[in-house]
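Taking it in order: structure first as structure tokens, then the write-up.
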Amino acid sequence: MSAFPSDHNEFTGSDDAAVGGIAADRLRSIIERTERLEEERKALSGDIKDIMTEAKSAGFNVKVIRQLIRLRKQEPAEIEEQETLLDIYRRAIGM
Numbered sequence: 006m007s008a009f010p011s012d013h014n015e016f017t018g019s020d021d022a023a024v025g026g027i028a029a030d031r032l033r034s035i036i037e038r039t040e041r042l043e044e045e046r047k048a049l050s051g052d053i054k055d056i057m058t059e060a061k062s063a064g065f066n067v068k069v070i071r072q073l074i075r076l077r078k079q080e081p082a083e084i085e086e087q088e089t090l091l092d093i094y095r096r097a098i099g100m
């Protein structure tokens, strides 16, 4: 048995709640919420870009600021392990 209706009229019915087995209202809600969040993310990205432009104009190194932000998200033990490995690798290549 096919998952698709055999009669075209099943897709063109007036029932908006379920079309072809899909809960249309729920699907529309999911899509609209996702679109809103994508717009918010776009706006936030613009805000972050503005902050980094401000930091650069104040003389800060934006690359280092981004690195600090990444580090602040990590656990202290993870940071320590990475710094230890970095030190070992530097010594191994004579830096």
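With the sequence shown counted from 1, adding 5 to any position gets you this note's numbering.
Beta carbons are placed, not taken as given, at the ideal position from N, Cα and C, and that holds for glycine.
Helix, strand or coil for residue i, going by three-state DSSP, please let me know.
i	result
I35	helix
Do residue j and residue i come within 8 Å of each other at the CB atom, strictly closer than that value?
i	j	result
I84	L76	yes
V67	M57	yes
Distance, Cα to Cα, residue i vs residue j?
i	j	result
I53	I35	27 Å
A63	R38	37 Å
E43	S50	10 Å
G26	K47	33 Å
Threshold first: 4 residues or longer. Then list the alpha helix (DSSP H) segments lying entirely within the stretch 58-99, N to C. 67-77 and 81-97
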